[in-house]
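Heads up: take any position in the sequence shown, counting from 1, add 5, and you land on my numbering. Okay, structure first, notes after.
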Amino acid sequence: MPDDKFFSSYEQTRLSMRPTIFGSQYMIVSGHYLASQVGMRILDRGGNAIDAGVAAGICLGVLQSDMVNFAGVAPIMIYHAQTQRLLCIDGLGTWPKSASVDYFIKNCNGKLPEGLPRTVVPAAPDSWITALHMFGTMSFEEVAQDAVNLAENGFPMHQFLYNSLIELRTKYLQWAENAKIYLPQNGMPPEPGKIFIQKDLAETIKKMIHAEKKQLHKGRENGLMAARDEFYKGEIAKTITDYHAKNNGLLTYTDMSEFKVKIEAPLKVQYKEYTACSCGPWCQGPTFLQALNLLENYDLKSLGHNSPEYIHLLTEALKLVFADREKYYGDPDFIKVPITGLLSKSYAQERKGLIDISKAWNEMPLAGNPWLYETEMDGDPKGKGKDYEFPKPNLVDNNQLDTSYVCVFDQYGNAFSATPSDMSYTTEIIPTTGLAVSARGAQSWVDKNHASSIEGGKRPRLTPNPLIIFKNDRPYMILGTPGGDTQCQSMLQVFLNIVEFGMDPQLAVEEPRFATFNFPNSFYPHDYHPGMMRIENRVPETTLQILKEKGHKVEPWPGWSWKSGGVCMIIVDPDTNILKGAADPRRESYALGW
6 MPDDKFFSSY
16 EQTRLSMRPT
26 IFGSQYMIVS
36 GHYLASQVGM
46 RILDRGGNAI
56 DAGVAAGICL
66 GVLQSDMVNF
76 AGVAPIMIYH
86 AQTQRLLCID
96 GLGTWPKSAS
106 VDYFIKNCNG
116 KLPEGLPRTV
126 VPAAPDSWIT
136 ALHMFGTMSF
146 EEVAQDAVNL
156 AENGFPMHQF
166 LYNSLIELRT
176 KYLQWAENAK
186 IYLPQNGMPP
196 EPGKIFIQKD
206 LAETIKKMIH
216 AEKKQLHKGR
226 ENGLMAARDE
236 FYKGEIAKTI
246 TDYHAKNNGL
256 LTYTDMSEFK
266 VKIEAPLKVQ
276 YKEYTACSCG
286 PWCQGPTFLQ
296 ALNLLENYDL
306 KSLGHNSPEY
316 IHLLTEALKL
326 VFADREKYYG
336 DPDFIKVPIT
346 GLLSKSYAQE
356 RKGLIDISKA
366 WNEMPLAGNP
376 WLYETEMDGD
386 PKGKGKDYEF
396 PKPNLVDNNQ
406 LDTSYVCVFD
416 QYGNAFSATP
426 SDMSYTTEII
436 PTTGLAVSAR
446 GAQSWVDKNH
456 ASSIEGGKRP
466 RLTPNPLIIF
476 KNDRPYMILG
486 TPGGDTQCQS
496 MLQVFLNIVE
506 FGMDPQLAVE
516 EPRFATFNFP
526 NSFYPHDYHP
536 GMMRIENRVP
546 ETTLQILKEK
556 GHKVEPWPGW
566 SWKSGGVCMI
576 IVDPDTNILK
586 GAADPRRESY
596 ALGW
């Protein structure tokens with residue numbers, strides 16, 4: 006018989022707001038609950054992680070179309086278990102061939118105005134279809150049909166999207182097409198719980214499905230390529246580029262028809278028993294890797310989780326990393342990036358010596374000289390790169406944030422990590438398409454000396470950066486978040502919460518976060534706030550006071566600030582293969598598993 010005394014005194018306790026989600030077969034976590042449900046439906050029907058990830062990713066461009074666009078960016082990292090292949094699909098468009106710094110100096114007074122001038126080639130459709138073509142099992146129609154349904158028939162307006170539309174209402178009112186879609190009720194968005202419809206976007210995706218259907222008799226791969234070509238070479242491409250031609254835009258039909266996403270091997274660093282993998286220096290992913298190198302030889306656990314000393318150390322390490330990002334990161338097809346040196350353990354040891362445990366930098370530190378640590382020297386290593394020009398403070402607060410995230414792990418051992426993005430409030434929607442074509446040019450500089458300067462055919466330096474972390478040569482953690490320049494900072498803290506402090510995944514995601522802004526913002530006008538740290542106000546006041554005494558300019562965030570990210574994560578237990586999913590309650594994120 007059970008012990009009645011035991012049962013009467015038994016109490017359940019949980020430290021996190023939500024439970025960690027467990028599964029034994031497959032799991033998906035994404036930036037919106039309906040997108041997670043769509044991916045789960047694909048997995049339930051026998052699709053693999055790539056099918057489910059693409060389906061959810063396309064849905065995010067409907068469900069969160071203020072911050073993710075079907076015609077935006079979609080960097081993807083995939084681990085294919087059968088072939089043991091790990092690769093990145095950049096999912097990032099290039100500047101139109103006619104774009105240049107000189108063009109913006111001459112025609113825009115050296116500024117990078119909102120609207121068509123920021124447009125780069127939309128890469129997301131090619132990225133999704135390339136992933137399906139290489140490793141998926143389903144047709145474009147099978148993975149896109151739920152997105153069509155959500156756009157055509159609508160979905161209940163959620164609070165996060167509603168808040169965004171209210172906050173950015175004046176921006177949407179700049180363009181009639183944007184206002185028509187997002188502010189259809191006398192200049193206001195549908196209220197939470199009311200149906201929100203995007204019929205033009207549905208029609209655009211349906212055109213691609215129709216093109217696929219006409220070629221499916223030639224096989225699945227031909228059908229996928231027909232859907233892709235409809236976007237980049239068919240009626241959709243012509244509608245987009247004709248609009249640019251009539252409205253002084255730079256994007257041409259040639260830019261669209263000649264575009265292809267790039268496929269590459271990821272970058273890797275070892276952190277203790279973990280191998281962290283990111284995309285290349287055309288995005289900010291390597292900052293996560295550089296930060297791990299700097300922190301690897303510290304006894305982080307002894308400092309205490311989110312103690313003043315711990316927060317200070319991570320912040321100062323990140324300041325060094327972002328100084329390197331500012332000087333060196335850019336499209337390696339156009340500039341020489343010393344990525345071997347930047348990721349060198351010896352370089353990290355040199356830079357680590359600059360961290361003062363008692364004092365904060367009150368401006369961005371100088372970048373290092375990673376050329377000395379390149380394995381293959383090309384000319385004089387000390388002479389590599391442009392002369393460093395220290396940035397001037399620019400205190401215009403840029404609150405524009407976008408992006409979402411999706412990760413999937415399936416019963417076959419495949420892993421999918423993608424960070425789709427692009428906002429619909431800084432550029433005009435092309436009439437009849439529902440598309441706010443990628444305005445990612447905002448992450449470039451009107452400065453020929455900058456590593457991420459504007460140049461025809463060049464990729465802007467992207468903030469979205471999906472990660473996969475391995476343990477014993479097997480996927481261990483699939484991780485990502487929205488959040489602009491806070492992305493790698495948030496992911497770093499969540500990763501360390503787990504591997505250094507042994508936290509439950511959901512608790513690791515929910516713990517208070519902090520971020521430095523001691524560098525130029527990736528988004529134009531590249532605001533720069535010397536010494537600024539933002540930290541969620543759930544951290545004790547005594548901690549904040551000690552940080553201020555060390556020289557940090559502390560500006561508290563609300564306790565659950567959406568601007569500190571929306572981390573989604575899957576952990577694969579290396580001993581049991583049990584899956585653990587965590588979703589950030591700061592946004593609409595949700596985890597589902599089976």
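Backbone N, C-alpha and C fix where the C-beta goes; we use that ideal spot for every residue, glycine too.
Closest by C-alpha distance to residue i, when choosing among the options
i           : options               : result
residue 358 : 343, 322 and 341      : 322
residue 186 : 579, 554, 430 and 511 : 430
residue 114 : 553, 106 and 541      : 106
residue 266 : 456, 63, 27 and 128   : 128
residue 481 : 166, 317, 315 and 419 : 419
residue 444 : 427, 195, 450 and 294 : 427
residue 501 : 377, 308, 20 and 220  : 308
residue 101 : 461, 295, 476 and 229 : 461
residue 313 : 135, 372, 363 and 26  : 363
residue 366 : 509, 225 and 553      : 553
residue 447 : 170, 124 and 320      : 124
residue 493 : 476, 507 and 518      : 518
residue 437 : 79, 209 and 43        : 209
residue 62  : 104, 130, 98 and 472  : 130
residue 88  : 51, 140 and 201       : 140
residue 78  : 597, 425 and 498      : 425
residue 486 : 451, 93, 134 and 72   : 72
residue 522 : 370, 583, 200 and 190 : 370
residue 560 : 25, 204, 542 and 356  : 542
residue 181 : 577, 45 and 120       : 120
residue 537 : 549, 472 and 56       : 549
residue 489 : 527, 476, 474 and 512 : 527
DSSP state of residue i mapped onto helix, strand, coil
i           : result
residue 25  : coil
residue 273 : strand
residue 423 : strand
residue 387 : Because residue 387 carries a pLDDT of 38, less than 50, the predicted location of this residue cannot be relied on, and no value is offered for it.
residue 562 : strand
residue 19  : coil
residue 160 : strand
residue 78  : strand
residue 340 : coil
residue 435 : strand
residue 173 : coil
residue 382 : Low per-residue confidence applies at residue 382: pLDDT is 37, beneath 50, and the placement is therefore not dependable enough to give any value.
residue 263 : coil
residue 557 : coil
residue 194 : coil
residue 47  : helix
residue 114 : coil
Residue range of the alpha helix (DSSP H) that includes residue i
i           : result
residue 553 : 546 to 554
residue 133 : 129 to 140
residue 369 : Unbroken run through residue 369: none, as it is neither H nor E.
residue 235 : 225 to 237
residue 351 : 350 to 357
residue 301 : Neither: residue 301 is in no alpha helix (DSSP H) and is coded neither H nor E.
residue 255 : Careful: residue 255 lies outside any alpha helix (DSSP H) and carries neither H nor E.
residue 328 : 313 to 333
residue 56  : 54 to 68
residue 186 : 181 to 187
residue 306 : 305 to 308
Bridge partner(s) assigned by DSSP for residue i
i           : result
residue 588 : 573
residue 280 : 275 and 475
residue 460 : 105
residue 35  : 411 and 595
residue 450 : 458
residue 268 : 94
residue 201 : 160
residue 288 : 467
residue 155 : Paired residue(s): none; residue 155 is not in a bridge.
residue 440 : 435
Terminal residues of the beta strand (DSSP E) in which residue i lies
i           : result
residue 598 : 595 to 598
residue 85  : 81 to 85
residue 90  : 90 to 94
Enumerate, from N- to C-terminal direction, the unbroken alpha helix (DSSP H) stretches of 4 or more residues contained entirely within the stretch 465 to 549. 492 to 504 and 510 to 515
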